[in-house]
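Numbering (this note's numbering), first residue to last: 2 to 313.
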């Protein structure tokens, strides 16, 4: 039987190091998180391209113009693509359009960024006007609202989970679970920044999914701890360690089964789902780790400190 409680401080220090490295690289090397149209605003157009135009052609087109575009295949049969371009490229698109039309063109200078983008696509890909299914410029106000909504959703989720666990278990279990969930959330955000994954609505969905997965795993361990605490005369630390070992095979099997389905998305899924799947893959591994090495040990630390405080 492996003694998980013995290495509780090592596991906590390891997680702290991962968080520090993740945010260190995010802000030290990249200067912050990657920008995305959903949160920072930008240009979004849905265009029906000719059948001979593939994703590779579009990627090469935008790359040749030094424009970072996110392409989403909306309809494979009609070859409809959603094109997202961040605000950072807006001025460059206008400049390209002015150069194309001529520096003396008043019409080109007065054209909006989204009009300039559509104008370039129509000329370069010989598109009829009806092939432009939609074209909009998303402002940063929408992004601010999405950010606020995302933070609110995550906060409410943590709050209701803590209320539920406080009734279902003792407060020390609720506190340990919430701290472990916050740990999962923070380290996953550090992972997103480290690999410069673009924040988006699907990423928020992935984070909420991870919270649900992680707490489910944690509750299984906590439930076994509560059962063993009523039947054994061992110390609380020994009870926790025994409970973790008893549920370890279930935890491992559940994680592997879940990972198989998520990895299948990466192997055979659409490119648009890759970031979502990457975050889920990392989160599942992290949630399994935190249930075993973070949540239960935190309960043990709280129990030890509270007993010392009562004695003093």
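Using N, Cα and C, we set each Cβ at its ideal position, and we do this for glycine too.
Remember, it's a predicted structure, so these values are computed and weren't measured experimentally.
| Asked | Found |
| --- | --- |
| Kindly indicate which three-state DSSP category residue 171 falls into: helix, strand or coil? | coil |
| Nearest-angstrom Cα distance between residue 18 and residue 128? | 52 Å |
| So the candidates are 173, 91 and 245; which of them puts its Cα closest to the Cα of residue 67? | 91 |
| Identify the continuous beta strand (DSSP E) that holds residue 83 and give its terminal residues. | 81–87 |
| What is the rounded straight-line gap between the Cα of residue 205 and the Cα of residue 104? | 43 Å |
| At which residue ranges does the stretch 223–304 contain complete alpha helix (DSSP H) runs of 4 or more residues, listed in the order of the chain? | 237–269 and 275–291 |
| Are the stretch 243–257 and the stretch 185–195 in contact at 8 Å, needing three or more beta carbon pairs? | no |
| Cα separation between residue 256 and residue 286? | 7 Å |
| So, at 7 Å on beta carbons, what are the nonlocal neighbours of residue 20 in its own chain, with the 5 sequence-adjacent residues on each side left out? | 187, 188 and 191 |
| Among residues of its own chain, excluding the 5 on either side of residue 173, which ones have a beta-carbon nearer than 8 Å to its beta-carbon? | 300, 303, 304 and 307 |
| Run through DSSP, which three-state label would residue 198 get? | coil |
| Verify whether the separation of the beta carbon atoms of residue 290 and residue 207 is less than 7 Å. | no |
| Name the residue from 200, 122 and 211 whose alpha carbon lies nearest to the alpha carbon of residue 184. | 211 |
| Relative to the C-alpha of residue 56, which candidate in 74, 41 and 46 has its C-alpha closest? | 74 |
| According to DSSP, residue 45 sits in a beta bridge with which residue or residues? | 85 and 137 |
| Under a three-way DSSP split, which group does residue 109 fall into? | helix |
| Give the DSSP bridge partners of residue 70, in chain order. | 86 |
| For residue 82, which of 64, 133 and 237 has the nearest alpha-carbon? | 133 |
| Touch check for the stretch 212–224 and the stretch 151–163: three-plus C-beta pairs under 8 Å? | yes |
| Spatial neighbours of residue 248 within its chain, please: CB distance less than 8 Å, with the 5 preceding and 5 following residues excluded, ordered by chain position. | 221, 222 and 225 |
| Near residue 263, what residues of its chain come up, given a Cβ to Cβ distance below 8 Å and the 5 sequence neighbours on each side ignored? | 278, 281, 282 and 285 |
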